[in-house]
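Just below is one structure, and these are the notes that go with it.
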Amino acid sequence: MTPETLIPGNVTLLQLERIYRQSLPARLHDGARPGIVAAAAHLAKAASGTAAVYGVNTGFGKLASVKIAPDDVATLQRNLILSHCCGVGDPMPEDVARLMMVLKLLSLGRGASGVRPVVVDLLEAMLAHGVTPVIPDQGSVGASGDLAPLAHMAAAMIGHGEALVDGQVKPAAEAFAMKGLSPITLGAKEGLALINGTQFSTAYALAGVFQGWRAAQEALVISALSTDAIMGSTAPLEPEIHALRGHPGQIDAAAAMRALLQGSEIRESHRDGDTRVQDPYCIRCQPQVTGAAMDVLRMAARTLEIEANAATDNPLVLSDGQIVSGGNFHAEPVGFAADMIAMALAEIGAIAQRRVALMVDPTLSFDLPAFLTPKPGLNSGLMIAEVTTAALMSENKHLAHPTVIDSTPTSANQEDHVSMAAHGARRLRRMVKNLNVILGVEAMCAAQGVEFRAPLKTSAPLQAALAALRKDIATLSDDRYLAPDLARAAALVGKGALSTATGTLLPALS
1 MTPETLIPGN VTLLQLERIY RQSLPARLHD GARPGIVAAA AHLAKAASGT
51 AAVYGVNTGF GKLASVKIAP DDVATLQRNL ILSHCCGVGD PMPEDVARLM
101 MVLKLLSLGR GASGVRPVVV DLLEAMLAHG VTPVIPDQGS VGASGDLAPL
151 AHMAAAMIGH GEALVDGQVK PAAEAFAMKG LSPITLGAKE GLALINGTQF
201 STAYALAGVF QGWRAAQEAL VISALSTDAI MGSTAPLEPE IHALRGHPGQ
251 IDAAAAMRAL LQGSEIRESH RDGDTRVQDP YCIRCQPQVT GAAMDVLRMA
301 ARTLEIEANA ATDNPLVLSD GQIVSGGNFH AEPVGFAADM IAMALAEIGA
351 IAQRRVALMV DPTLSFDLPA FLTPKPGLNS GLMIAEVTTA ALMSENKHLA
401 HPTVIDSTPT SANQEDHVSM AAHGARRLRR MVKNLNVILG VEAMCAAQGV
451 EFRAPLKTSA PLQAALAALR KDIATLSDDR YLAPDLARAA ALVGKGALST
501 ATGTLLPALS
């Protein structure tokens, strides 16, 4: 595969999503090399001098006052990496781990970290040859950087730990040899540059926002299908209503739903003579809720785009050659973004679950049979599928509790305020998985409901979405073992299959 060429400081969300979804290799633009070389020269000069420079010739954290002899600088970096390999839990998913490596590559590419080009070259080669360090996903508090998980990445680079290669977990040194690569010996400050940073948290948060946006697009399609299933009104989608409020996400959501429902026979059949005055909020306020969530996702995505392009280790080599300690490793912006994404995911799922409840309830669904089965009583239909969505909705509400507001002192009170961005971002994967099930069940309910309206038809785009669903999930007549249907529906949502099938231009993340 052709590597994605990255210009540090100017990489876009579209590039990052392409790398994430397609497992693309990546390389820095040649224009980044002079800055990397210049910073490395400044760092080498400092390492050979007598002045104490944090992380170059001193200990770390609370031990920063301990001076390190020049002959021990390489050992210092090796010891730093091995001692910080304290991650626990499950291995990072390969796609997120590779994205983390790309983000570290970008950070080093800003030319402020002081690493030699050989460090960058090895990261690029690992991405190109599919050598992915095995990185436990727990152990970071999001400051001073994502120390433990990034240490596991760096350990592989010096021949320790494990790596995934060709679908197998191997000792890192063996994985390197299989691809003709060699581990490196770290120079002054290079270990610190690799582990000090927010790339673990940012990778998980970016994956969350990419997956979350796809779910939001699917939610627009599925909610439009639900609107037709219960013979809901399209009057609340009138453009002027949304223009009068002015929120971009709301305007975009309403426009998408208008396009999706255009030409529906079901809608046209009850424009006149419908005794209902207003639909419940889960139908009437879809643009206001899903649209607001889209705005929040976009805001979070912008924060993460900035962070993806940032130099976040410590100390940093400034443009005048100064080597200065700061705090760019503190993942507070990522923590806030992760909490925003979590709340958006929870709300998309909350209103979707109410639409599921609406459709299975014969007192609210405008003449649809109870639980969307043709023989209620003998069959339970989608009764318990709705209960499952309620369980997952509630779980996501609890998972959405803010993590960035938590903190605890670490490292003998030297690192006395931390972001907790790591698990704030990591939970997003679980939340999206839950949301996809909720939306998948809604799609099953909406499809049943629309089919009960025959011979009236929904719009052409929504017919295409329904057909895509029916390729994998048959219409429910008599009760059957439903768990595989729920799994298939969630998988379709996760792939964006229904929104793709409509052929409708849906709102973009950026």
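The opening position of the sequence shown corresponds to residue 1 in the numbering used here, with each subsequent residue numbered one higher.
By construction, the Cβ of each residue, glycine as well, lies at the ideal position given by its N, Cα and C atoms.
With a contact defined as Cβ atoms closer than 8 angstroms, L28 and A215 miss out at about 32 angstroms. With fewer than 16 neighbouring CB atoms inside 10 Å of its own CB, Y281 falls in the exposed class. By the neighbour-count criterion, in which a residue is buried when 16 or more other Cβ atoms sit within 10 angstroms of its Cβ, V277 is exposed.
With a beta-carbon spacing of about 6 angstroms, M420 and V404 fall inside the 8 angstroms limit used to define contacts. L122 carries a helical assignment under DSSP once its states are collapsed to helix, strand and coil.
Within the stretch 249 to 310, no beta strand (DSSP E) run of at least 3 residues lies entirely inside it. Each residue's CA atom was taken as its position, placing A229 and S325 some 60 angstroms apart.
Sixteen is the threshold: since fewer than 16 other Cβ atoms of the shown chains lie within 10 Å of the Cβ of K45, the residue is exposed. Between F329 and G145 the beta-carbon gap is near 4 angstroms, inside 8 angstroms, which marks them as a contact. According to the DSSP assignment, D228 belongs to the alpha helix (DSSP H) that extends over 199 to 229.
Judged by DSSP secondary structure, V169 falls within the beta strand (DSSP E) whose first and last residues are 168 to 171.
Rounded to whole angstroms, H160 and Q414 show a C-alpha spacing of 28 angstroms. Counted as a single uninterrupted DSSP element, the beta strand (DSSP E) harbouring V88 occupies residues 88 to 91. Within the model, the alpha-carbon separation for G424 versus G87 is close to 16 angstroms.
Under a 10 Å Cβ-count criterion, A51 is classified as exposed, with fewer than 16 other Cβ atoms of the shown protein chains found around its own Cβ. DSSP places I384 within a helical segment (H, G or I) once states are collapsed to three. Classified as exposed, K375 has fewer than 16 neighbouring CB atoms from the shown chains inside 10 Å of its CB. Spanning the alpha carbons of A172 and M126 requires a straight line of approximately 11 angstroms.
Annotated as distal: E94 and T202, with beta-carbon spacing of 8 angstroms or more. The shortest C-alpha to C-alpha distance from R267 to any of A235, M294, P369, L244 is the one to A235. A check of alpha carbon separations from K471 across L492, D406, S459 identifies L492 as the nearest. According to DSSP, V165 shares a beta bridge with Q168. Following the DSSP letters along the chain, one finds T5 inside the beta strand (DSSP E) bounded by residues 4 to 6. A direct Cα-to-Cα measurement between A39 and A508 gives close to 38 angstroms.
Remark: C-beta atoms of A310 and L506 do not approach each other more closely than 8 angstroms. Per the DSSP secondary-structure output, I323 pairs in a beta bridge with V317. Rounded to the nearest whole angstrom, the CA to CA distance from Q15 to E4 is 8 angstroms.
Its chain contains D137, Y204 as the residues whose beta carbon lies nearer than 7 angstroms to that of R426, once the 5 sequence neighbours on both sides are disregarded; these appear in chain order.
When only Cα atoms are considered, Q77 and V118 end up about 15 angstroms apart. By the CB criterion at 8 angstroms, L82 and A155 fall inside the cutoff.
A residue is called buried when at least 16 other Cβ atoms come within 10 angstroms of its Cβ; G139 meets this threshold and is buried. Inter-residue distance for T12 and R302 is about 10 angstroms (C-alpha atoms, whole angstroms).
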